[in-house]
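The numbering used here numbers the first residue of the sequence shown as 17 and each following residue consecutively. For each residue, glycine too, the CB sits at the ideal point set by N, CA and C. Below is one structure; the comments refer to it alone.
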Amino acid sequence: MTLIVVVSFLIFALLGMPLAFALGFASLGALMMADIELLVLPQRMMHAVDNFPLMAIPLFMLAGELMVEAGIMQRLIDFANSIIGRLHGGLAHVTIISGMILAAVSGAAVASASALGSSLVPSLSKQYEKGYTSAIICSAANLGPIIPPSNAMIVYALMAGSSVSVGGLFMAGVVPGLILTIGFMALASFISMKRNYPLTGEAFSIRNVLIQSRKAFIIFMMPVIVVGGIVGGVFTATEGAAIAVVYAALIGFFITRALKISDLPGALFRAAVTAAMVGALIAFAATVTFVFTIDMVPARMSEYIQSLTSDPTTFILLVMVMLIVVGMFIESNAAYIMLVPLFAPIALAYNIDPLFFGFLFVLNLVAGMMTPPVGVLLFVMCGITRIPMTDLIRSVWPFVVLQYVVLILCVVFPELVTALPHYLGF
């Protein structure tokens, strides 16, 4: 049955069928060939999505949409500009810092890319060519699933079961997220000086930093309250997401006063569409997982991999190489849903810290959002800037390589990932 699922899925996907439905039809064909009662299909799908923690995903998406509609981007840009000062490629640094802060609000790369693109593309295009502009926004947006709160980590924790906590994964992403931000800025500085991009931004001023910090303070408090509450055990990730929605609405209606009642249907619709895509993937992938379980694929795979190597580091490297290839061809949410139930138990069998393995898994697939041919951020930026895909790929590859360098650093120095969550008791 497993072979039928894999072959059918590849055929449907290559024909252009949406991945969620490709998974569903592949598992349906396998169940029919095995003469298994088809009633199990809707039962498994319903059981997969009837899960309270899943509510956090649409709520965090809605919170991000409301924050964007609330006009926070200009405040974030002004704050980032104040702390950068007058530098070569200063506007690129502003974009990266804005992306880092927005990551702590939206938790999703696509939402961050849309917000950054609509706000900064006109200014960036005046200073840099479109390829570099798009590459910078892609990189800044890709901090969204790494810096907490992260929708990707919520999906991973759900698929991994009780072995890993959402709060622990959130904290695992803090240090690598900061390292990646600094690395992006260093790379942007190198490219800007090499290409002799002009100085941009105003001279650094403590007074201006204080003014912009005061304006942005209310925005900074959102991740502090939400992530701090989740990590501190005050409320669950789902409850934290609901608080984020209320907080975003209050900012939009009463602080910036940019959010209007008429903006709510559009924000709700966009959040619902994205959440429905994730929900469909989870529902249909549950049927594939059921087929794999019947065929004892997890147990067989565990035995096979352990027969190849008894070294946990070698196992991690094998999985990371496989995920690099997977990230090039499969959308990240589909990859989490299909592969986490297979590899998370094997990692436990190797006595690998589940937080460590989980974060490496997420970081690898997040980097895949910028790799052709199916890198979703590449398509988003091509749509925003109207740039040919080949031009964007030529500009974005140094930033993709940097993400894999950080991944290798995390493999070599696990404390970068585990020190903070372990210190906080996860």
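Residue i, buried or exposed, once every other Cβ within 10 Å from all chains shown has been counted against 16
i, result
"methionine 312", "exposed"
"leucine 454", "A query on residue 454 cannot be resolved here, the shown segment of the chain reaching from 17 to 442 and no further."
"valine 247", "buried"
"arginine 60", "buried"
"tyrosine 263", "buried"
"isoleucine 259", "buried"
"tyrosine 172", "buried"
"asparagine 212", "exposed"
"asparagine 167", "buried"
"methionine 209", "exposed"
"isoleucine 277", "exposed"
"methionine 48", "exposed"
"threonine 406", "exposed"
"serine 98", "buried"
"threonine 290", "buried"
"threonine 434", "buried"
"serine 130", "buried"
"leucine 297", "buried"
"asparagine 67", "exposed"
"isoleucine 403", "buried"
"methionine 175", "buried"
"glycine 268", "buried"
"proline 357", "buried"
"leucine 394", "buried"
"threonine 401", "buried"
"alanine 29", "buried"
"valine 417", "exposed"
Expected contact under 8 Å - CB spacing of residue i and residue j to nearest Å
i, j, result
"alanine 124", "proline 239", "Wrong, their Cβ atoms sit about 14 Å apart, outside the cutoff."
"threonine 303", "glycine 45", "Wrong, their Cβ atoms sit about 11 Å apart, outside the cutoff."
"valine 342", "alanine 351", "5 Å"
"isoleucine 368", "isoleucine 321", "The Cβ separation is near 12 Å, so there is no contact."
"valine 422", "isoleucine 195", "6 Å"
"phenylalanine 95", "serine 205", "With 8 Å as the limit, phenylalanine 95 and serine 205 do not qualify as a contact, their Cβ atoms being about 20 Å apart."
"isoleucine 153", "leucine 132", "5 Å"
"methionine 317", "proline 389", "The Cβ separation is near 27 Å, so there is no contact."
Rounded separation between residue i and residue j - CA only
i, j, result
"serine 348", "phenylalanine 25", "16 Å"
"tyrosine 251", "proline 164", "Checking the sequence shown, residue 251 turns out to be phenylalanine, not tyrosine. Spanning the two alpha carbons is a distance of roughly 15 Å."
"alanine 38", "isoleucine 353", "14 Å"
"histidine 63", "glutamate 53", "17 Å"
"valine 337", "isoleucine 162", "19 Å"
"glycine 384", "valine 396", "14 Å"
"proline 34", "isoleucine 222", "51 Å"
"isoleucine 73", "glycine 193", "20 Å"
"alanine 257", "valine 242", "7 Å"
"threonine 305", "valine 22", "12 Å"
"serine 128", "glycine 399", "14 Å"
"leucine 78", "tyrosine 439", "31 Å"
"threonine 387", "leucine 364", "29 Å"
"leucine 445", "serine 178", "Nothing about residue 445 can be read from this structure; the chain reaches only from 17 to 442."
"alanine 36", "alanine 301", "7 Å"
"alanine 288", "alanine 219", "43 Å"
"valine 126", "serine 411", "19 Å"
"serine 122", "leucine 333", "30 Å"
"proline 138", "valine 190", "30 Å"
"leucine 436", "valine 56", "42 Å"
"valine 335", "glutamate 431", "20 Å"
"proline 214", "serine 141", "13 Å"
"valine 225", "valine 261", "28 Å"
"phenylalanine 415", "alanine 360", "28 Å"
"glycine 245", "serine 134", "31 Å"
Is there contact between the segment 328–339 and the segment 107–127, where contact requires at least three CB pairs shorter than 8 Å?
Judged by pairs of C-beta atoms under 8 Å, the segment 328–339 does not touch the segment 107–127, as fewer than three such pairs exist.
Touching or not, the segment 368–382 and the segment 421–436, by the rule of three or more beta carbon pairs under 8 Å?
yes
Inspect the CB distances between the segment 92–103 and the segment 140–149 and report whether three or more fall short of 8 Å.
no
Taking 8 Å as the cut-off, does the segment 190–209 touch the segment 82–92 (at least 3 CB pairs, one atom from each stretch)?
no
Report yes or no: do the segment 75–83 and the segment 179–192 share at least 3 C-beta pairs separated by less than 8 Å?
Flag = no, the segment 75–83 and the segment 179–192 do not touch.
Do the segment 265–274 and the segment 152–160 make contact, defined as three or more Cβ pairs closer than 8 Å?
no
4-residue-minimum alpha helix (DSSP H) runs that sit fully inside the segment 354–404, ordered along the chain:
370–383, 392–401
4-residue-minimum alpha helix (DSSP H) runs that sit fully inside the segment 44–99, ordered along the chain:
56–65, 72–85
I'd like the ranges of any alpha helix (DSSP H) spanning at least 4 consecutive residues and lying wholly in the segment 164–192.
Scanning the segment 164–192 for uninterrupted alpha helix (DSSP H) segments of 4 residues or longer gives 167–176, 182–188, listed from N- to C-terminal end.
Starting from the N-terminal side, write out each stretch of the beta strand (DSSP E) that is 3 residues or longer and does not extend beyond the segment 260–293.
none
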